[in-house]
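Offset between the sequence shown (1-based) and our numbering: plus 10.
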Amino acid sequence: MKKSSLVLALSLSLCLVASAAFAADGKTLFASKCAGCHGADGSKSALSKPLKGLSEAEFTKAMAGYKSKTFGGAKKAVMEGQASKLSDADVKALAAYVSKL
């Protein structure tokens, strides 16, 4: 009984460590997914207003809108495609990073 509990505890610990290691990194995601159009510091307006200055809530709301195709007006097609490739963890990491630009 004790041995199986120890194995279970170690397995759960490894899962937590692995998930933390693979967690989305906002800075890296921004550099690879966003900076090309929005600039390294988020100050380029691209198709809309700059990302620089957005709060986490504003960024998250916009990404959810792009994913559901309810946000973005006539120029939303590019962002719909980009947003659809992002996981919820990616959006959360990006929102945290963008809010600090």
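Yeah, the Cβ is synthetic: ideal placement off N, Cα and C, and Gly gets one too.
Because the structure is a prediction, the values reported are computed rather than measured.
Status (buried if at least 16 other CB within 10 Å, exposed otherwise) for residue i
i	result
Val88	exposed
Ala84	exposed
Gly91	exposed
Phe32	Only weak support exists for where Phe32 lies, its pLDDT of 46 falling under 50; the value from the coordinates is given anyway. By the 10 Å Cβ count, Phe32 comes out exposed.
Ala72	buried
Thr70	buried
Ala41	exposed
Ala93	buried
Which of helix, strand or coil DSSP assigns to residue i
i	result
Ala99	helix
Lys59	coil
Ala34	coil
Ala106	helix
Ala45	helix
Ala8	The chain is shown only over 11 to 111; residue 8 falls outside these bounds and no answer can be derived.
Ser53	coil
Ala65	At residue 65 the sequence reads Ser, which differs from the Ala that was named. Note: Ser65 maps to coil in three-state DSSP.
Gly82	coil
Lys39	Note that residue 39 corresponds to Leu in the displayed sequence, not to Lys. In this structure, Leu39 counts as helix in the three-state DSSP scheme.
Identity of the residue in the options nearest residue i by Cα
i	options	result
Ala56	Gly46, Gly63, Leu64 and Ser65	Gly46
His48	Ser94, Ser78 and Leu64	Leu64
Ser109	Phe81, Ala34, Ser78 and Gly52	Gly52
Ala74	Lys43, Lys54, Lys95 and Asp35	Lys95
Cβ-Cβ distance between residue i and residue j below 8 Å
i	j	result
Glu66	Ala106	yes
Leu61	Ala103	no
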